[in-house]
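In my numbering, the protein residues as written are 14 to 198.
Just so it is clear, CB atoms sit at the ideal spot from N, CA and C, and this is done for glycine as well.
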Ligand SMILES: [Zn+2]
């Protein structure tokens, strides 16, 4: 069944709030901050509860001590590190799981061109203003011998709902945003 405009709007608001760190137990604060009526606030909080079921686990690592630590089955902390040499690295465990599944399926290395980015680095490379890279929730990846579109199609099958997949010329951007976003795939 096609979603109504209202449902669509509730989802848009809730996913933006969720990704911005709001939670369903902050009902009154949300209502006040965004000047919403009761119906909208309740609908949005219901959606937030759903999203909370898909709990994100964003972990923080330190390069000096954790660079060679394994995250998931096939990756190390240093592969997600910011290219500006920052000590701190944020990595979403959900993102790692998706990359691990992809790695298993393709049977060869999945290279991370860009993982975590500090806000300064993100600005320097022209990243989106609220880029998921700044929260450890995104990776730009490539696989030797595969086109970006082929990689994106595999990802689409691994994550049929939710997450962002964007096809670029030579790499694919994948992020763990709540509401599905697809571009070029
Ligand atoms: Zn990206």
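Note to self: Can you determine whether any heavy atom of ligand 1 sits closer than 7 Å to the C-beta of residue 153, and answer yes or no?
What the structure shows: In the chain shown, the residue the question calls residue 153 occupies position 140. Residue 153 Cβ: within cutoff of ligand 1.
Margin query: Based on DSSP bridge pairs, tell me the residues matched to residue 195.
Written below: Counting from 1 along the chain shown, the entry for residue 195 is found at position 182. According to DSSP, which records beta bridges pairwise, residue 195 is partnered with 178.
Check: CB of residue 186 to nearest heavy atom of ligand 1: below 7 Å?
Finding: Residue 186 sits at position 173 when you count from the first residue of the chain shown. Relative to the non-hydrogen atoms of ligand 1, the Cβ of residue 186 comes within a distance shorter than 7 Å of at least one.
Notebook entry, point to check: If we count Cβ pairs, one from each stretch, closer than 8 Å, do we get three or more for the stretch 148–165 versus the stretch 119–126?
Noted result: Using a Cβ-Cβ distance cut-off of 8 Å, the stretch 148–165 and the stretch 119–126 are in contact, since at least three pairs of beta carbons, one from each stretch, lie closer than that value.
Notebook entry, point to check: Around the Cβ of residue 139, are there at least 16 other Cβ atoms within 10 angstroms (buried) or fewer (exposed)?
Noted result: Residue 139 sits at position 126 when you count from the first residue of the chain shown. That one is exposed.
Next item on the list: Taking residue 184 as the reference, give the member of 48, 191 and 196 with the closest Cα.
Entry: Along the chain shown, one-based indexing puts residue 184 at 171. Here the closest residue by C-alpha is 196.
Check: Could you give the residue range of the beta strand (DSSP E) that holds residue 71?
Finding: The residue labelled residue 71 in the question sits at position 58 within the chain shown. Taken as a continuous stretch (DSSP letters only), the beta strand (DSSP E) holding residue 71 covers 71–75.
Notebook entry, point to check: Buried or exposed: where does residue 150 fall if 16 or more other Cβ atoms within 10 Å of its Cβ makes it buried?
Noted result: One-based indexing of the chain shown puts residue 150 at position 137. Classification for residue 150: buried.
Note to self: Using a Cβ-Cβ cutoff of less than 8 Å, which residues in the same chain neighbour residue 190 once the five nearest sequence positions on both sides are dropped?
What the structure shows: Indexing the chain shown from 1 puts residue 190 at position 177. Hits under 8 Å: 28, 32, 145, 150, 175, 176 and 177.
Next item on the list: Starting from residue 110, trace the alpha helix (DSSP H) both ways and give me its first and last residue.
Entry: As a position in the chain shown, residue 110 is number 97, starting the count at 1. It spans 106–119 - the alpha helix (DSSP H) in which residue 110 sits, taken as one unbroken run.
Notebook entry, point to check: Is the beta carbon of residue 146 within less than 7 Å of some heavy atom of ligand 3?
Noted result: Judged by which ligands are present, ligand 3 is missing from the structure shown, whose ligands are ligand 1.
Notebook entry, point to check: For ligand 1, any of its heavy atoms closer than 7 Å to the Cβ of residue 127?
Noted result: As a first step, residue 127 is located in the chain shown; it is residue number 114 there, counting from the start. Residue 127 Cβ: within cutoff of ligand 1.
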